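Numbering (the numbering used here), first residue to last: 1 to 283. Working notes, structure below.
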Amino acid sequence: MSYKWLKWLILWIPTITIGLWEYLRHTLLLPFISMDLGNLLAPVFVFLITLTLLRALFAKLEHMQELLQREKIVKAAFEEREQLARELHDGISQSLFMLSVKLDKLERAQTDTDMRQTTDQIRQTIRRVYDDVRQSIANLNDAPLPAEMSWMQGIHHLTAEMEQTSGIRTKVEWRVREGTLTHKQKVELLAIIREALMNVQKHAQAKHVVIRGENESRHGEHRNAFRCSIQDDGVGAEEQKLHEKGKYGVKMMRDRASALGWTFMVQRAQPHGTVVEIRGRRD
1 MSYKWLKWLI
11 LWIPTITIGL
21 WEYLRHTLLL
31 PFISMDLGNL
41 LAPVFVFLIT
51 LTLLRALFAK
61 LEHMQELLQR
71 EKIVKAAFEE
81 REQLARELHD
91 GISQSLFMLS
101 VKLDKLERAQ
111 TDTDMRQTTD
121 QIRQTIRRVY
131 DDVRQSIANL
141 NDAPLPAEMS
151 WMQGIHHLTA
161 EMEQTSGIRT
171 KVEWRVREGT
181 LTHKQKVELL
191 AIIREALMNV
201 QKHAQAKHVV
211 IRGENESRHG
221 EHRNAFRCSI
231 QDDGVGAEEQ
241 KLHEKGKYGV
251 KMMRDRASAL
261 GWTFMVQRAQ
271 PHGTVVEIRG
281 RRD
């Protein structure tokens, strides 16, 4: 029996029971049952019938509570897997890609100076992978995070590493007011920018990329609204390919933005290239 039917039965059965009892008592049972005994039996009948229905309702509610608890456990496990996937993708996977780029650069080195510089860069990348692995383990163990670098330091670190490894020139035009983003929002936005730059380096065949950030407000509303875009001058991305299976980077960026209530968009830029755009505001 469904929860809806149980609810309606509990509302109507006591009323119907009292009505039927009073009708039968006055029409058929009055010669056999006194008025006082009839008044005493009426609440007893109502109590017994209601108790029977309530037991079914409580059993139904306990079953629903058990199912809800199971769903919570499954959801928590899924969220932990998603978090682990993000940690691997944001840190280790990207660092390994950078390492492969630097190894290619080492093979093309023509002088001892170039070889030493590239070797030092590879050594730094390996240390970063090591730190990312330790940090991922610490996160799984709920260990405290180390102190984060400042927002603009994080942006310039990403752009400097990109220029160093791929030669793609980057430009930062950041005019978002301080206080517009919370610390958590800055961390998530930085992760989106990092993934967007990595996609440019992997697929765009671009020579330049521009990171822009600005506040958006209309007539004084949503003073803490912002818009961030990452635009390159590469070959451009085809819309259907962005949603293919295995395109985890785009999915991760979209999920991060959606979790904070932001809008996320990837489209071709004019006259050529690709632009990633994030719009949102501080709650």
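All residues carry an ideal CB built from backbone N, CA and C; glycine is no exception. Quick caveat: nothing in here was measured; it's all calculated off a predicted structure.
(message) Tell me which residues share the same chain as Leu-41 and place their Cβ nearer than 8 Å to its Cβ, disregarding the 5 neighbours each side in the sequence.
(response) Excluding sequence neighbours, Leu-41 sits near Trp-21, Ile-33.
(request) List the residues that DSSP assigns as beta-bridge partners of Ala-225. (result) According to DSSP, which records beta bridges pairwise, Ala-225 is partnered with Glu-216, Arg-281.
(message) In this structure, how does DSSP classify Lys-171 when only helix, strand and coil are distinguished?
(response) Residue state, collapsed to three classes: strand.
(request) Specify, as a first and last residue, the run of the alpha helix (DSSP H) that Arg-108 falls within. (result) Following the DSSP letters along the chain, one finds Arg-108 in no alpha helix (DSSP H), marked with neither H nor E.
(request) Just confirm the distance between the C-beta atoms of Val-250 and Val-266, as a whole number of angstroms; I'd bet it's less than 8 Å. (result) With a Cβ gap of about 6 Å, Val-250 and Val-266 count as contacting.
(message) Taking the straight line between their C-alpha atoms, what separation do you get for His-272 and Gln-231?
(response) C-alpha separation (whole angstroms): 10 Å.
(request) To the nearest angstrom, report how far apart His-288 and Ile-73 are at their CA atoms. (result) Since the first residue shown for the chain is 1 and the last is 283, residue 288 is missing from the structure and cannot be characterised.
(message) I'd like to confirm something about Lys-186: is its beta-carbon nearer than 7 Å to some heavy atom of the ligand HEM, or not?
(response) Within the structure as shown, the ligand HEM is missing, as the structure has no ligands at all.
(request) Note the first and the last residue of the continuous alpha helix (DSSP H) segment covering Thr-165. (result) It spans 151-166 - the alpha helix (DSSP H) in which Thr-165 sits, taken as one unbroken run.
(request) Let me know the secondary structure DSSP gives Thr-263 once reduced to three states. (result) Taken through DSSP and simplified to helix, strand or coil, Thr-263 comes out as strand.
(request) Leaving out five residues on either side along the sequence, give the residues of the same chain with a beta carbon under 6 Å from the beta carbon of Val-276. (result) Taking C-beta separations shorter than 6 Å and ignoring five residues to either side along the sequence, the partners of Val-276 in its chain run Ala-196, Ile-230, Val-266, following chain order.
(request) Measure the alpha-carbon distance for Gln-270 versus His-208 and round it to whole angstroms. (result) Going by the C-alpha atoms only, they are around 14 Å apart.
(request) Whole angstroms is fine: what's the gap from Leu-37's alpha carbon to Ile-49's? (result) When rounded, the separation of the alpha-carbon atoms in Leu-37 and Ile-49 is 18 Å.
(request) Could you pull the start and end residues of the alpha helix (DSSP H) that Glu-188 belongs to? (result) For Glu-188, the enclosing alpha helix (DSSP H) covers residues 183-199.
(message) Using only the alpha-carbon positions, how far apart do Ser-62 and Gly-261 sit?
(response) Checking the sequence, you will find Glu at residue 62 rather than Ser. Their Cα atoms are separated by approximately 34 Å.
(request) Measure the beta-carbon distance from Ile-168 to Val-200 and round it to whole angstroms, keeping in mind my assumption that it falls under 8 Å. (result) Taking C-beta atoms under 8 Å as the contact rule, Ile-168 and Val-200 qualify, at a distance of about 7 Å.
(request) With DSSP collapsed to three states, give me the class of Val-74. (result) Helix.
(message) In whole angstroms, give me the CA-to-CA distance for Ile-211 and Thr-170.
(response) If you draw a straight line from the Cα of Ile-211 to the Cα of Thr-170, it is about 8 Å long.
(message) Using a 10 Å radius around the Cβ and a threshold of 16 neighbouring Cβ atoms, would you call Thr-27 buried or exposed?
(response) Thr-27 should be labelled exposed.
(request) Please name the residue or residues paired with Asp-104 in a DSSP beta bridge. (result) Bridge partners of Asp-104: none, in fact.
(message) To the nearest angstrom, how far is the alpha carbon of Met-98 from that of Asp-233?
(response) Distance between the alpha carbons of Met-98 and Asp-233: 21 Å.
(request) Name, in chain order, the residues that DSSP records as bridge partners for His-208. (result) Its beta-bridge partners are Arg-169.
(request) Output the distance between the C-alpha atoms of Val-44 and Leu-24, rounded to the nearest integer angstrom. (result) If I take the Cα positions, the gap works out to 16 Å.
(request) Indicate the three-state DSSP secondary structure (helix, strand or coil) for Thr-119 in the structure shown. (result) DSSP places Thr-119 in helix when its eight states are reduced to three.
(request) Output yes or no for whether 8 Å exceeds the beta carbon distance between Ile-13 and Leu-53. (result) In this structure, the beta-carbon distance from Ile-13 to Leu-53 falls below 8 Å.
(message) If I measure Cβ to Cβ from Arg-177 and keep anything under 6 Å in the same chain, skipping five residues before and after, which residues do I get?
(response) Within the same chain, Arg-177 has close Cβ partners Asn-215.
(message) Based on DSSP bridge pairs, tell me the residues matched to Val-275.
(response) Beta-bridge analysis with DSSP links Val-275 to Gln-231, Gln-267.
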